[in-house]
DNA sequence: ATTGATTTGTTGAATAATCAACGAATTCCA
DNA sequence: TGGAATTCGTTGATTATTCAACAAATCAAT
């Protein structure tokens with residue numbers, strides 16, 4: 001892809017960082033564009049050069065993380081669930097402020113659904129109901145079942161202040177998934 | 001003073017932060033402009049828009065801190081040495097990376113002298129050899145004596161990892177100065 | 001409901017930063 | 001010492017950001 005001007009990267013990074021920080025402090029609807037601009041140390045107009053409004057900003061922020069998680073899946077497609085899980089959890093840890101904010105009670109309500117949808121998509125190629133231990137089950141049931149489980153664990157992990165190391169949580173959910181889908 | 005464009009502030013702040021960080025890692029002479037630009041996340045050319053070379057950058061950085069310390073003195077001109085000292089030490093603490101780097105053995109060799117000169121200037125209005133306990137002493141002797149003492153304490157404080165809280169060190173040097181110059 | 005204050009989204013002109021490229025100076029090291 | 005590689009300092013063209021100002025929309029409180 002064409003190299004992006006350094007100023008664009010810097011502005012967008014600052015704006016995204018600002019909105020995440022602010023969402024950790026107050027409900028999204030209470031945040032003004034001016035506040036985001038102040039926190040990001042950019043002119044208010046600059047935000048409109050990149051996003052149509054704050055909802056677009058949040059959407060793009062979410063989609064970017066979904067994209068990154070998807071890419072990690074692609075790179076880890078030949079790993080076990082346990083190993084692949086660990087790569088995801090490393091990513092979660094690196095962006096803990098984003099994910100814990102998004103999954104917190106006052107976070108972005110639709111984020112959880114968007115996240116669930118992604119997990120379902122990524123699990124789909126791994127699920128086989130034509131044979132093996134899941135023979136005879138509806139694919140959608142299996143997908144919804146285990147994707148919900150994974151999202152629920154991530155939610156629990158963040159809401160409880162990440163009580164287990166990424167390594168451990170990845171290993172345990174990995175074992176559960178390998179046992180059921182592997 | 002006229003309001004400065006936000007882009008200028010941001011670039012200069014990033015560049016100054018970068019050079020301080022790098023000076024904490026390696027000798028000043030080993031630092032290249034490209035390294036500073038990379039660390040500051042600005043184009044190399046941007047540095048030349050603000051500084052003629054890295055020595056000019058270092059000079060401006062030093063002079064800015066000297067200016068700030070001078071301003072703090074003006075604002076605290078009616079305080080005791082002890083109170084005024086505390087204000088300086090708060091400033092030192094806030095910019096600990098700069099001062100500890102500058103005063104470290106491999107720091108900027110001329111910074112110590114520049115700093116000493118500032119302290120002498122700021123002490124000059126406080127010294128009275130026409131009467132009181134310092135009657136008969138040469139003004140320059142008194143100035144050099146106590147300014148050196150103050151600089152020496154600051155140097156000691158940083159080289160030993162700031163072993164005392166700012167409040168304490170300010171109180172103790174304040175008592176010593178009040179006793180001799182007050 | 002009406003007013004007053006704040007926030008929004010947009011505009012155009014001015015300015016700063018970026019980028020790629022250059023020759024010159026400096027450093028490296030064989 | 002010679003030659004290669006790096007760094008320097010500058011250039012001109014392009015692009016992004018800033019700034020001040022604006023009307024419209026939204027909000028808050030009476």
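Chains as they are written, first to last, in full-length UniProt numbering: chain L, 1 to 182; chain F, 1 to 182.
From the three backbone atoms N, C-alpha and C, an ideal C-beta is built for every residue, glycine too.
Keep in mind that this is a model prediction, so the values were computed, not measured.
Is it right to say residue i is buried, meaning 16 or more other beta carbons lie within 10 angstroms of its own, or is it exposed?
| i | result |
| --- | --- |
| residue 174(L) | buried |
| residue 141(F) | exposed |
| residue 145(F) | exposed |
| residue 48(F) | exposed |
| residue 51(F) | buried |
| residue 55(L) | exposed |
| residue 130(F) | exposed |
| residue 106(L) | exposed |
| residue 2(F) | exposed |
| residue 12(L) | buried |
| residue 127(F) | buried |
| residue 4(L) | exposed |
Does DSSP put residue i in a helix, a strand or coil?
| i | result |
| --- | --- |
| residue 41(L) | coil |
| residue 30(F) | helix |
| residue 152(L) | helix |
| residue 65(L) | helix |
| residue 135(F) | coil |
| residue 102(F) | helix |
| residue 119(L) | helix |
| residue 127(L) | coil |
| residue 160(F) | coil |
| residue 52(F) | coil |
| residue 23(F) | helix |
Can you find the residues in the same chain that come closer than 8 Å, C-beta to C-beta, to residue i, ignoring five residues on each side of it along the sequence?
| i | result |
| --- | --- |
| residue 97(L) | 20, 21 and 24 |
| residue 86(L) | 166, 167, 170, 171 and 174 |
| residue 79(F) | 87 |
| residue 133(L) | 180 |
| residue 8(F) | 50 |
| residue 156(L) | none |
| residue 36(L) | 15, 18, 19, 22, 47, 54 and 57 |
| residue 163(L) | 157 |
Less than 8 Å between the beta carbons of residue i and residue j, yes or no?
| i | j | result |
| --- | --- | --- |
| residue 103(F) | residue 26(F) | no |
| residue 73(F) | residue 139(F) | no |
| residue 178(L) | residue 83(L) | no |
| residue 6(L) | residue 180(F) | no |
| residue 62(L) | residue 111(L) | yes |
| residue 92(F) | residue 151(F) | no |
| residue 28(L) | residue 58(L) | yes |
| residue 118(L) | residue 70(L) | yes |
| residue 10(F) | residue 41(L) | yes |
If I measure Cβ to Cβ from residue i and keep anything under 6 Å in the same chain, skipping five residues before and after, which residues do I get?
| i | result |
| --- | --- |
| residue 120(F) | 143 and 147 |
Spatial neighbours of residue i within its chain, please: C-beta separation below 7 Å, excluding the five flanking residues on both sides.
| i | result |
| --- | --- |
| residue 101(L) | 20, 23, 24 and 107 |
Q | Residues in the stretch 5-24 of chain L having any Cβ partner in chain F nearer than 8 Å | A | 6 and 10
Q: Anything in the stretch 26-58 of chain F with a Cβ closer than 9 Å to a Cβ of chain L? List those residues in chain order, please.
A: 41, 42 and 43
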